[in-house]
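Taking it in order: structure first as structure tokens, then the write-up.
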Amino acid sequence: MVLFTLSYIKAQDKTDKIPKQPNVLFILVDDLGMKDLSCTGSKYYETPNVDRIAKEGTVFTQGYACSAVCSPSRASIMTGQFTARHGITDWIGAKSGEDWRTEKRSDKILPANYKHNLSKKDMVLPEVMKANGYKTFFAGKWHLGDKGSYPEDHGFEINKGGWEVGSPKGGYFSPWENPSLPNLKKGENLSMRLAKETSAFMEQQKDMPFFAFLSFYAVHGPIQTSEEKWKKYRDKAEKNGIANTGYSMEKDLPIREVQDNPVYGGLVEDMDDAVGEVLNTLKRLNLDENTIVIFTSDNGGVASGDAFSTSNLPFRGGKGYQWEGGIREPYFVKIPWLKNSVKNMDYPVTGADFFPTLLDFANIPLVPKQHQDGESLKPLFEGNTLKDRALYWHYPHYGNQGGQPNSIIRDKNMKLIHYWEDGHDELYDLSKDPYEKNDLASNNTKESLILNAKLMGWLESVNANLPVQDKEFNQELAYKKHKNNEEVIMPKLEKERLNFLKKDYKPNEDWWKSKITKD
Numbered sequence: 067m068v069l070f071t072l073s074y075i076k077a078q079d080k081t082d083k084i085p086k087q088p089n090v091l092f093i094l095v096d097d098l099g100m101k102d103l104s105c106t107g108s109k110y111y112e113t114p115n116v117d118r119i120a121k122e123g124t125v126f127t128q129g130y131a132c133s134a135v136c137s138p139s140r141a142s143i144m145t146g147q148f149t150a151r152h153g154i155t156d157w158i159g160a161k162s163g164e165d166w167r168t169e170k171r172s173d174k175i176l177p178a179n180y181k182h183n184l185s186k187k188d189m190v191l192p193e194v195m196k197a198n199g200y201k202t203f204f205a206g207k208w209h210l211g212d213k214g215s216y217p218e219d220h221g222f223e224i225n226k227g228g229w230e231v232g233s234p235k236g237g238y239f240s241p242w243e244n245p246s247l248p249n250l251k252k253g254e255n256l257s258m259r260l261a262k263e264t265s266a267f268m269e270q271q272k273d274m275p276f277f278a279f280l281s282f283y284a285v286h287g288p289i290q291t292s293e294e295k296w297k298k299y300r301d302k303a304e305k306n307g308i309a310n311t312g313y314s315m316e317k318d319l320p321i322r323e324v325q326d327n328p329v330y331g332g333l334v335e336d337m338d339d340a341v342g343e344v345l346n347t348l349k350r351l352n353l354d355e356n357t358i359v360i361f362t363s364d365n366g367g368v369a370s371g372d373a374f375s376t377s378n379l380p381f382r383g384g385k386g387y388q389w390e391g392g393i394r395e396p397y398f399v400k401i402p403w404l405k406n407s408v409k410n411m412d413y414p415v416t417g418a419d420f421f422p423t424l425l426d427f428a429n430i431p432l433v434p435k436q437h438q439d440g441e442s443l444k445p446l447f448e449g450n451t452l453k454d455r456a457l458y459w460h461y462p463h464y465g466n467q468g469g470q471p472n473s474i475i476r477d478k479n480m481k482l483i484h485y486w487e488d489g490h491d492e493l494y495d496l497s498k499d500p501y502e503k504n505d506l507a508s509n510n511t512k513e514s515l516i517l518n519a520k521l522m523g524w525l526e527s528v529n530a531n532l533p534v535q536d537k538e539f540n541q542e543l544a545y546k547k548h549k550n551n552e553e554v555i556m557p558k559l560e561k562e563r564l565n566f567l568k569k570d571y572k573p574n575e576d577w578w579k580s581k582i583t584k585d
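Residue numbers for the sequence shown follow the working numbering, so the first one is 67 and each next one is one higher.
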């Protein structure tokens, strides 16, 4: 058995007051990369409020989202299951099967079909919390189904802003378009509004146990911020030294290699300001000592596709990709009554683990038939160890960001990626090569075969949907598409990158409505 390191300040010291029903504040950010926080190594973005959670809580250095794109990852948090088991394997709305040809992508395979709603058969996390005396609240991005499968249909008693749309329709400044979040003040920031709605809920429920899920639309594209924050990060990029080039080519798409986008920098700080709002509310209400706070992201930062916003280096890839940059995330858990306990853990954990962990800390009986792929992490907080286990990912789709259809197994420190286009595997030893620079598959055939067999056996056991070869695939069209990405799209992105950094940059007259007159 591999023993993962636990870093202690001193022996665990429990406070005298351990709440029987602690409150829970779960903060989920959209598309935030592992390196998008100052506490995880960014020299560009500034996130003092999120850093507080990391400093006061426990940092899981090998924390993973269950998918490299949003809907599957979010469904895993709610169900405690890996994506192949619950069946939502792509972002809801993506085309699959023969419909994929309408995207005119010229790809080798047709992506697998997938479920488009969170199943009513699952007893999801908020339903279990509600059934055990918790008041449940949701604010922000849902993207787990359309009408009939909204937050209020899955255990959340209050829903502020959650519906089928996965991006901030209408932008990050009011007036936006959201049937669950009425506009109140022109120019109001969406992230702060969601935080204030969450704060208001916590204040109303301060005398009763609550489960508040703050699910930001940030930092998903379209990326927007105020002129003041853009200027702050433009000037910072100039002070740091603006690189001559910001992109290189991945297999199919350009990928960003520098963090110097001042619009994205401002958007990250807008999110951090909103995190500060809810943390300050907990302290003001004297709830900070009996409230579990979780902070994580649903997938890696967008380095390719979408808004090409950030870089995840030294981790490889980003949102939509099969490498660590697509799935390794900030993963912070603050249990306030465990003083000076474990501060850093490198035991590999996933979004599926939140479900049983929260039940365990809330003294609610576990429901192992539901959260089949999650494991309670409570023993780790108490200074104990957990057995090794295999972790699985299943993304039989093409992302908008350049990732290829794949399935993954991580067993101890070995990670095998199986590619569905041609059936080849990549193998990495993450203990020695966390940035996936050295593919061991060709030199370690036995290990690859063992892991491949284990992966295929697991996929079969959960009846995973698989992609099929596209008989209409046109190699010539695929080549032309690739050359266009390299010769036309990449120079265009470099030009756009430098445009964001011009002193006279101005997206429009009112800076995405942030400067319009407020009521």
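All residues carry an ideal CB built from backbone N, CA and C; glycine is no exception. Just so we're clear, the structure is a prediction, and the values are computed from it rather than from any experiment.
Please report the Cβ distance between residue i and residue j, rounded to the nearest whole angstrom; I am assuming they are in contact, meaning their Cβ atoms lie under 8 Å.
| i | j | result |
| --- | --- | --- |
| LEU521 | LEU482 | 6 Å |
| ASP491 | ALA507 | 5 Å |
| SER233 | GLY159 | Incorrect: roughly 10 Å between the Cβ atoms, too far for contact. |
| LEU446 | TYR413 | 6 Å |
| ASP627 | ASN365 | Past the edges of the chain, shown from 67 to 585, lies residue 627, and the structure says nothing about it. |
| LEU210 | ALA284 | Not confirmed; about 18 Å, so no contact. |
| ASP530 | ALA150 | Before going further, note that residue 530 is Ala rather than Asp in the sequence given. About 4 Å; that satisfies the 8 Å criterion. |
| SER133 | TYR461 | 6 Å |
| GLY153 | LYS187 | Actually they are not in contact, since the Cβ atoms of GLY153 and LYS187 sit about 11 Å apart, beyond 8 Å. |
Can you tell me whether DSSP reads residue i as helix, strand or coil?
| i | result |
| --- | --- |
| VAL415 | strand |
| PHE282 | coil |
| TRP578 | coil |
| SER527 | helix |
| LEU91 | strand |
| HIS152 | helix |
| LYS76 | Residue placement at LYS76 is poorly supported in this model, since its pLDDT is 35, which falls under 50; the coordinates are not used for a value here. |
| TRP459 | strand |
| LEU425 | helix |
| LYS86 | coil |
| ASN565 | helix |
| PRO328 | helix |
| THR583 | coil |
| TYR130 | strand |
| ARG394 | strand |
| ASN115 | helix |
Do residue j and residue i count as a contact pair if the criterion is CB distance below 9 Å?
| i | j | result |
| --- | --- | --- |
| LYS302 | TYR571 | no |
| GLY129 | THR362 | yes |
| LEU345 | LYS272 | no |
| GLY281 | ASP339 | Note on residue identity: the sequence assigns Ser, not Gly, to residue 281. No, they are not a contact pair. |
| VAL554 | PHE126 | no |
| ASN551 | ASP318 | yes |
| GLY342 | ASP326 | no |
| LEU515 | ILE475 | no |
| LEU564 | ILE308 | yes |
| TYR501 | ARG382 | yes |
| GLU335 | THR113 | yes |
| GLY228 | ILE321 | no |
| VAL90 | ILE360 | yes |
| ILE224 | PHE239 | no |
| PHE277 | MET195 | yes |
| LYS235 | GLU243 | yes |
Going by DSSP, name the residue or residues bridged to residue i.
| i | result |
| --- | --- |
| VAL399 | THR124, ILE360 |
| TYR494 | LYS481 |
| ASN225 | PHE204 |
| SER473 | HIS460, HIS484 |
| GLN535 | ILE175 |
| PHE276 | LYS201 |
| ARG322 | TYR313 |
| PHE239 | ASN255 |
| TYR545 | Answer by DSSP bridge pairing: none, since TYR545 is not bridged. |
Between the stretch 372-379 and the stretch 143-160, do at least 3 Cβ pairs fall closer than 8 Å?
no
Can you confirm whether the stretch 215-227 touches the stretch 165-177 when touching is taken to mean that 3 or more C-beta pairs between the two stretches lie within less than 8 Å?
no
Under 8 Å: do the stretch 433-452 and the stretch 414-421 share three or more Cβ pairs, one atom per stretch?
yes
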